[in-house]
């Protein structure tokens, strides 16, 4: 009997291959709406040749899924796997359609590190509808179907035969369509990340392979020679430095740069003297926090960091090894392992009635009780100097309206939805710009806090702010961030950065007046941060590269 079903009494059981073929067709069609919508207007699909190519691509996806699923066609395994792929395809399709994101290993790393607050921001009725139509209803029907039961050896033989058949079809279609397929993938690289849910299977495997060397290798110590420089003995004063790590702030919307709207009103008042410098040409290491944060604190730089298969300590370890007190204060989804070996504080459980609500706090919460947190640090280290890292919630989307208090919503009306396409773009930009107005207030408040500290203690103070990555706000139908770096637009990689140095700190570093501002337009990146912080704090180590320290050229 070679039919798709085997009848027994009143029940009809599906042959596994038949159910796999049906599910593969559904996934290739309903689960790949973003793919078909992206490629259909392309010139490569014009005319009948394009129609034939689209049909061939559909068959290629079906065959690839059939090949993969045939290896999993075991009695109690197949239906849960199919249900998982349906849910994955439905979620992928929604986010690719809504925000223009693509699914690669970096995006899978983001998903693996998403916390409950981020999940809440992404929930919507549109998402639930997508899950219902693409996954839940087909999945409900799927789970009610009976499968033909076979013994182990016949089942294994049929599974291998099915996978081999799928592989043959994939190879034949690739050869037949090679010219058109190669042209499409070469000219429109984003398409390779849209084939759903094959993109998730591939990206998950790549992520596991990329992380395996790190998981199996011991953390490599760096900066074993780190020590405090001569400035500590000369001045008799200690440094207090804030390093503020911004979230999702893009340089295009900073009025300290060239943006027409006043998104930095308080910082602009500080920009009148030589203390503050805004750096206009800074590139991020990645397009998402998971990629950028470890990279920007690394001594390796972007290229070497991404190529390295070994886990290393980071800037915080070197500063602490030199003898300084280091504190990480987090109002985000964690430090991605950076702060595991230093003192850390998190705002998740705080219940401040003015600054916290619904399990989330505004960024000003990090400054509250900061004096006490510093007092609680090791007194021996504290006497040498203190470095505090403030990890902001910043402009984290898509629920931008949650990131700014009412007093800082100066651009109205603002988008009050996490389904960004539902809002007029003007309202979306208003909500995003309001987050920058609030970030401006937090940074200016940090400077005021540093000034107050220096008025009462013999310390030299400074603040450095840099965002981890940028954001897309609907340009070319792209939203949020996280595109592969080679495909990412300027708005996702061009980030704001600034420094504020007190008079005492500038004297400590022997900086020439006006020099930092004169050099503020030079090209910088996250690669510079490690070395600039070592230079700012006068930490001596062979790791330090003077040419990457943007302060060094002005001494």
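Numbering (the numbering used here), first residue to last: 5 to 559.
All residues carry an ideal CB built from backbone N, CA and C; glycine is no exception.
Integer-rounded CB distance, given that residue j should sit under 8 angstroms from residue i
i, j, result
"residue 35", "residue 97", "6 angstroms"
"residue 223", "residue 146", "Not quite, the Cβ-Cβ distance comes to about 45 angstroms (not below 8 angstroms), so this is no contact."
"residue 254", "residue 475", "5 angstroms"
"residue 356", "residue 365", "7 angstroms"
"residue 471", "residue 500", "6 angstroms"
"residue 326", "residue 543", "5 angstroms"
Boundaries of the beta strand (DSSP E) in which residue i is found, first to last residue
i, result
"residue 246", "242-250"
"residue 330", "329-334"
"residue 503", "498-505"
"residue 348", "347-350"
"residue 395", "390-395"
Three-way DSSP call (helix, strand, coil) for residue i in this model
i, result
"residue 56", "helix"
"residue 463", "strand"
"residue 137", "helix"
"residue 287", "strand"
"residue 80", "coil"
"residue 16", "strand"
"residue 264", "coil"
"residue 11", "With a pLDDT of 49 at residue 11, under the threshold of 50, the modelled position of that residue is not reliable, and no figure is offered here."
"residue 470", "strand"
"residue 364", "strand"
"residue 85", "helix"
"residue 358", "coil"
"residue 404", "helix"
"residue 281", "strand"
"residue 235", "helix"
"residue 548", "coil"
"residue 69", "helix"
"residue 5", "Any reading at residue 5 is ruled out, since the residue's pLDDT is 44, under 50, leaving its predicted position unreliable."
Check whether residue i and residue j have beta carbons under 8 angstroms apart
i, j, result
"residue 106", "residue 198", "yes"
"residue 463", "residue 201", "no"
"residue 389", "residue 541", "yes"
"residue 69", "residue 76", "no"
"residue 71", "residue 167", "yes"
"residue 152", "residue 17", "yes"
"residue 504", "residue 280", "yes"
"residue 530", "residue 306", "yes"
"residue 393", "residue 414", "no"
"residue 358", "residue 332", "no"
"residue 121", "residue 363", "yes"
"residue 94", "residue 46", "no"
"residue 448", "residue 404", "no"
"residue 265", "residue 108", "no"
"residue 110", "residue 292", "yes"
Endpoints, alpha helix (DSSP H) assigned at residue i
i, result
"residue 174", "156-180"
"residue 304", "Taken as a continuous stretch (DSSP letters only), residue 304 belongs to no alpha helix (DSSP H), as it is neither H nor E."
"residue 40", "37-43"
"residue 33", "20-33"
"residue 534", "533-540"
"residue 270", "269-274"
"residue 112", "109-116"
"residue 299", "293-300"
"residue 560", "In the structure as shown, the chain starts at 5 and stops at 559, and residue 560 therefore has no counterpart that could be examined."
"residue 224", "Here residue 224 belongs to no alpha helix (DSSP H), and DSSP marks it neither H nor E."
"residue 376", "374-379"
"residue 120", "120-126"
"residue 423", "From DSSP, residue 423 is part of no alpha helix (DSSP H); its letter is neither H nor E."
"residue 565", "Because the chain spans 5 through 559 in this model, residue 565 falls outside it and cannot be assessed."
"residue 386", "383-386"
Sequence-distant residues of its chain with Cβ nearer than 6 angstroms to residue i (five each side left out)
i, result
"residue 384", "none"
"residue 423", "128, 130"
"residue 391", "245, 323, 328, 330"
"residue 117", "294"
"residue 549", "535"
"residue 495", "254, 256, 474, 476"
"residue 247", "393, 468"
"residue 92", "201, 204"
"residue 337", "119"
"residue 298", "340"
Residues of its chain near residue i, where Cβ-Cβ distance is below 8 angstroms and the 5 sequence neighbours each way are ignored
i, result
"residue 32", "62, 65, 66, 69"
"residue 241", "462, 463, 464, 508, 512"
"residue 521", "278, 281"
"residue 345", "317, 320, 321, 324"
"residue 49", "43, 55, 57, 58"
"residue 481", "104"
Own chain partners of residue i with C-beta closer than 7 angstroms, once the 5 adjacent residues on each side are dropped
i, result
"residue 28", "66, 69, 70, 73"
"residue 360", "354, 369"
"residue 431", "417, 418, 419"
Any non-hydrogen atom of the ligand GTP closer than 7 angstroms to residue i Cβ
i, result
"residue 523", "The ligand GTP is not part of the structure shown, which contains no ligands of any sort."
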